[in-house]
Amino acid sequence: MRFKSTTGLAAIVTAAALALTGCGSGGSGNSGGSTNANGKVDGTGKTLNVLVGVLSQYPEQQKQWQSDIAAKFKAETGADVKFETFASANDELTRIQTSVVSGQGPDIYGLGTTFTPTAYATKAFVTLSDDDWKAVGGKDRFNQAALGISGPDKDHQAGIPFVSRPFVMAYNKDLLAAAGIDKPATSWDELAAQAKKMTKGDTYGIATGYKDNFDPWKFIWAMSVQAGNPLVDGNKLKMDDPTVKKAYETYFGWLTNDKVVDPASVGWSNSNAVAAFASGKAGYLMMTTSSSIPTLDKSAIAGKYEYTLMPTIAPGETQSKSDGDAASILSGDNLVVADYSKQKDLAFAYIKLITSKDEQLNYQKTFGDLPANAEALASLTDPKLKPLADAAAKSKATPFTGAWGDIQLGLLNVTVQSVPDLAAGKVDESALEQRIKDAQNKGQASLDRASKG
Amino acid sequence: MSTDASHEVRPADTAAGRAPRPADDTGRQPGHKGGLRRKGLSERNRPLWMLIPGGALMIIIIVVPLLLGIYMSVLNLDQYTLRKWISAPLIGAENFVEAVTNSPLLHAVWLSVSYSLLAMVVTLPLGIAAAVATQNAFKGRAVIRSIFLIPYVLPSFVVATVWRTMLQPGGIVDEALATVGIHVGLWLNGPQTFWTLVLVQIWASWPFIYLLALSGLQSVDHEVHEASALDGALWWNKLRYVVFPYLKGPLSLAFLIGMLHHINNFTLPFVLFGVPAPADVEVLPILTYVTSFQSFRFGLSAAMAFISLVLIAIPLFVYLRAVKLDDADTPGAKK
Chain A
56 MRFKSTTGLA AIVTAAALAL TGCGSGGSGN SGGSTNANGK VDGTGKTLNV
106 LVGVLSQYPE QQKQWQSDIA AKFKAETGAD VKFETFASAN DELTRIQTSV
156 VSGQGPDIYG LGTTFTPTAY ATKAFVTLSD DDWKAVGGKD RFNQAALGIS
206 GPDKDHQAGI PFVSRPFVMA YNKDLLAAAG IDKPATSWDE LAAQAKKMTK
256 GDTYGIATGY KDNFDPWKFI WAMSVQAGNP LVDGNKLKMD DPTVKKAYET
306 YFGWLTNDKV VDPASVGWSN SNAVAAFASG KAGYLMMTTS SSIPTLDKSA
356 IAGKYEYTLM PTIAPGETQS KSDGDAASIL SGDNLVVADY SKQKDLAFAY
406 IKLITSKDEQ LNYQKTFGDL PANAEALASL TDPKLKPLAD AAAKSKATPF
456 TGAWGDIQLG LLNVTVQSVP DLAAGKVDES ALEQRIKDAQ NKGQASLDRA
506 SKG
Chain B
94 MSTDASHEVR PADTAAGRAP RPADDTGRQP GHKGGLRRKG LSERNRPLWM
144 LIPGGALMII IIVVPLLLGI YMSVLNLDQY TLRKWISAPL IGAENFVEAV
194 TNSPLLHAVW LSVSYSLLAM VVTLPLGIAA AVATQNAFKG RAVIRSIFLI
244 PYVLPSFVVA TVWRTMLQPG GIVDEALATV GIHVGLWLNG PQTFWTLVLV
294 QIWASWPFIY LLALSGLQSV DHEVHEASAL DGALWWNKLR YVVFPYLKGP
344 LSLAFLIGML HHINNFTLPF VLFGVPAPAD VEVLPILTYV TSFQSFRFGL
394 SAAMAFISLV LIAIPLFVYL RAVKLDDADT PGAKK
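Quick note, the sequences are listed as chains A and B, same order. For the numbering used here, add 55 to where a residue sits in the first sequence, where the first one is 1. For the numbering used here, add 93 to where a residue sits in the second sequence, where the first one is 1.
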């Protein structure tokens, strides 16, 4: 018995400790590749390990794409590609931590853009030199906006853009027309006014999910940036700025003052909002990406909806105060090469292949994500993709700091803790101020550590 | 959660393994005399070397991580120092000071312990009642017993996902309550989340108590039932003075394991409420998770884990002494 109770006690710590120390992972015990006479990387007999996120919407297509690209890469370099996938951000993090600590694991990682600063902070990934950039096909081949979150400055970049997934809003053409609205809103004030006109019975002007794990901070970030507050200014966090409070008031106000969203949306995530919009019960669907196309095209409103940029003029303003429009956070996937990799040239050759114009267009066709390759992006002609491409070009990067994870969590937490007030119909001003203040303090402490780190 | 699984299985084995034992002996002190004799036998020439493989595993999977965890708790370990973590700056007790004075740790400990205790206090009578109700054979008993086990065999993730769906605003629970005129408000946000967590935990974990209570009931001799019937004991007296003493061992065990399991339960609150969790359900595992994997303060979270380990170990130790579960001579812990 004594043994067992010890086991029980240890479990708490073990759970944490095991996750951190990791049990090691299958390494790539291969030696470096060499370049042969015609400038191609010769990787005969070698295996490149690539870790990417699982595309749960397209499991079959992803497998197909992986085996196709592996065949092409083999033809080009003679090396095999072995894909591993992670199912969630948490999964990915665990893999990265394990690899960072043990110095072995995949050669290439696919990372979400907002996670890139954190990954960069570990210094476990290659900061690309000019030669490295040449090896992946040159910096010029990429959509320059997509490079915005590759590193802290132009000379220190680790993230190589792979795809863009900018955020836009969708609108129901019929509902807008019925309310006498001839074009979608370009400012947040106008959006609320239009939404009021469309709200009738069980039809609401706006569909959004207040309980989503990401959306809320994106709204607050966007409205703040558009009002001229980029949230992080050097080593100072500016969450206590009035623009942030105004952003929360506007975002919560859709429910409490304007009453243009379904009261049930306090419990919704983004997918609930998509479903509400798909059933034709909402004028606008906020904060969505091209990944909603498959759902919407199969729904009652197929052919009756269109995408457009989200408003770029902050609440209470008449023009955007940000440099650049900040139509969306810079969103998508970056590729990073592990510093411990012994076959970096092979890794760069692979990245060169999958960021080429043809492969990027092929990927777009299959999965809907926009190309990070500038030429490929420019060649898209489908009118439905036009606003998405626009948003990709007008995307703005979130602040590049290792503290961003904490700041994002703080922004989101203000909404989480306000949801009960929201459901009751009124968010108390002093309570909101207190929550913002807490988030400011925690975020600032995190920024302080980042500047020391 | 593999550690949880091993908790759940092993004690059940122990309980089941000891169940037939009292049949060999008579009276309320099963195995006392026999125990002494056997002890003499078993202590001679015990092949202790056979413990080596298991012992080595224990060291690798429990002792080493535990020591690493303690070492980590005195390091300033975050995403900036993770890569060369062995040489991360040593900051002594700073993490501990921060954890106690400037983090929600104590609040989290309070939440964890109170929610576990509440869930336990409710599941105990539920489990015992269910075990007693299915003790005597009746038509369809096997089916009922199987149904009772459903919440226990469902993975935590499934339980939490289903409950989350049912408890959504305007979800099936709200609608059902609305038909009888009750409007409860939010289940998954705000102050009520604590009670949601307790409720779902009760639903998911009472069959565990039921299982152990059942195994205890199986060990009550037929003769004992007969004897008490002859003495004219009615059902309550019989239950209170004849049957319950048999349950003391298994139920003490169930209480202990159940508490540890609840305090360690990460999946349920994580899936039900997500992160960042509403302040009223920021229980220990969630707090440790957020500190580690959202804020990347590995050192701080190791300190938090260590403090909570100590905080839980003290009452646990007292409890172990009190119920003598760790004493080989008492019925609760036959080997």
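Just so it is clear, CB atoms sit at the ideal spot from N, CA and C, and this is done for glycine as well.
Expressed to the nearest angstrom, what Euclidean distance is found between the alpha-carbon atoms of residue i and residue j?
i        : j        : result
B:Tyr382 : A:Leu103 : 32 Å
B:Leu198 : B:Ser207 : 14 Å
A:Gly87  : A:Lys95  : With a pLDDT of only 42 at A:Gly87, under 50, the local geometry of the prediction cannot be trusted, and the value read off the model is given with reservation. The straight-line gap from Cα to Cα measures roughly 14 Å.
A:Ala125 : A:Ala232 : 49 Å
A:Gly322 : A:Asn428 : 38 Å
B:Val317 : B:Leu327 : 14 Å
A:Thr76  : B:Ile356 : With a pLDDT of 39 at A:Thr76, under the threshold of 50, the predicted position of this residue should be treated as unreliable, though the coordinate-derived value follows. For A:Thr76 and B:Ile356, the distance between alpha carbons rounds to 23 Å.
B:Thr216 : B:Leu279 : 24 Å
A:Thr153 : A:Leu401 : 23 Å
A:Asp352 : A:Val329 : 12 Å
A:Ser279 : A:Gln398 : 43 Å
A:Gly283 : A:Gly264 : 26 Å
A:Leu502 : A:Thr373 : 32 Å
B:Asn195 : A:Phe222 : 37 Å
A:Thr173 : A:Phe455 : 9 Å
A:Tyr175 : A:Gly206 : 7 Å
B:Val266 : B:Phe391 : 39 Å
B:Ser388 : A:Ala130 : 43 Å
B:Lys126 : B:Pro338 : Note that B:Lys126 scores a pLDDT of 46, beneath 50, so its modelled location is shaky and nothing firm can be said.
A:Leu183 : A:Gly192 : 12 Å
A:Glu430 : A:Lys412 : 6 Å
A:Gly82  : A:Tyr405 : Low per-residue confidence applies at A:Gly82: pLDDT is 36, beneath 50, and the placement is therefore not dependable, though the value from the model is reported in the following sentence. Cα-Cα distance, rounded: 18 Å.
B:Trp142 : B:Gly148 : 10 Å
A:Val109 : A:Ala142 : 5 Å
B:Ile295 : B:Ala269 : 20 Å
Thinking C-alpha only, which one of the options is nearest residue i?
i        : options                                : result
A:Ala357 : A:Lys129, A:Lys228, A:Gln152, A:Gly206 : A:Lys228
B:Ser312 : B:Val225, B:Phe301, B:Leu159, B:Ile405 : B:Val225
B:Phe366 : B:Leu217, B:Ser180, B:Phe287           : B:Phe287
A:Asp493 : A:Ala404, A:Ser377, A:Leu292           : A:Leu292
A:Ile368 : A:Tyr360, A:Glu361, A:Gly379, A:Tyr362 : A:Gly379
B:Ala253 : B:Met397, B:Phe363, B:Arg238           : B:Phe363
A:Tyr113 : A:Asn496, A:Thr350, A:Gly214           : A:Thr350
A:Tyr360 : A:Ser383, A:Lys336, A:Ser377           : A:Lys336
A:Lys441 : A:Phe455, A:Ser326, A:Thr453, A:Pro426 : A:Pro426
B:Asn358 : B:Phe250, B:Leu332, B:Leu183           : B:Phe250
A:Ser375 : A:Asp244, A:Tyr418, A:Gln281           : A:Gln281
A:Asn55  : A:Gly460, A:Ala262, A:Arg490           : No answer is possible for residue 55 of chain A: the residues shown for chain A start at 56 and end at 508.
A:Thr344 : A:Met253, A:Gln119, A:Ala234, A:Phe422 : A:Phe422
A:Leu464 : A:Ala446, A:Gln499, A:Ala452           : A:Gln499
B:Met165 : B:Glu187, B:Leu144, B:Ala235           : B:Glu187
B:Arg257 : B:Thr360, B:Trp142, B:Asp314           : B:Thr360
What are the partner residues of residue i, as DSSP defines its beta bridges?
i        : result
A:Pro426 : A:Val218
A:Ser450 : A:Ser383
A:Met224 : A:Thr363
A:Asn290 : The partner list for A:Asn290 (beta bridge, DSSP) is empty, contrary to what the question assumes.
A:Ile163 : A:Val105, A:Val392
A:Asp208 : A:His211
A:Ser279 : According to DSSP, which records beta bridges pairwise, A:Ser279 is partnered with nothing at all.
A:Glu139 : A:Leu106
A:Asp295 : Answer by DSSP bridge pairing: none, since A:Asp295 is not bridged.
For the putative contact between residue i and residue j, defined by C-beta atoms under 8 Å, what is the C-beta separation to the nearest angstrom?
i        : j        : result
A:Lys251 : A:Asp313 : 6 Å
B:Pro378 : A:Asn468 : So it is not a contact: roughly 18 Å between Cβ atoms.
A:Arg220 : A:Ser386 : 5 Å
A:Ser450 : A:Ser383 : 5 Å
Using a Cβ-Cβ distance under 8 Å, would residue i count as near chain D?
i        : result
A:Arg196 : Included in the structure are the protein chains A and B, with no chain D among them.
For residue i, verify whether its CB is less than 7 Å away from any heavy atom of the ligand COA.
i        : result
A:Ala448 : You won't find the ligand COA in this model; it holds no ligand whatsoever.
- Relative to chain B, which residues along the stretch 171–183 of chain A have a C-beta separation below 7 Å, given in chain order? So the list reads Thr173, Ala176, Thr177, Lys178, Ala179, given in the order they occur along the chain.
* Asked: Going along the stretch 358–380 of chain B in order, which residues come within less than 7 Å of chain A, judged by CB to CB distance?
  -> For chain A, the residues of the stretch 358–380 of chain B that bring a beta carbon within less than 7 Å of one of its beta carbons are Gly367, Pro369, Pro371, Ala372, in chain order.
The stretch 172–187 of chain B: positions lying closer than 8 Å to chain A by Cβ:
Flagged, chain order: Gln172, Tyr173, Thr174, Leu175, Arg176, Trp178.
Closer than 7 Å between beta carbons: that is the criterion. Which residues of the stretch 456–469 of chain A meet it against chain B? Listed by position along the chain: Gly457, Gly460, Asp461, Leu464, Leu467, Asn468.
(message) Any C-beta of chain A within less than 8 Å: which residues of the stretch 267–299 of chain B qualify?
(response) Considering only beta carbons, the part of the stretch 267–299 of chain B lying closer than 8 Å to chain A consists of Gly278, Leu279, Leu281, Asn282, Gly283, Pro284, in chain order.
- Task: Note down, in chain order, all residues in the stretch 252–265 of chain B with a beta-carbon under 9 Å from any beta-carbon belonging to chain A.
- Result: Against chain A - using a Cβ distance shorter than 9 Å - the residues of the stretch 252–265 of chain B are Leu260, Gln261, Pro262, Gly263, Gly264.
Positions along the stretch 377–401 of chain B whose CB lies within less than 9 Å of some CB in chain A: Those residues of the stretch 377–401 of chain B that come within reach of chain A (Cβ to Cβ, closer than 9 Å) are Leu377, Pro378, Thr381, Tyr382, Val383, Ser385, Phe386, Gln387, Ser388, Phe389, Arg390, Phe391, Ser394, Ala395, Met397, Ala398, Phe399, Ser401.
Taking a Cβ distance cut-off of 7 Å, strictly less, list which residues of the stretch 307–326 of chain A are near chain B, in chain order. For the stretch 307–326 of chain A, which is checked against every Cβ of chain B, the residues closer than 7 Å are Ala319, Val321, Gly322.
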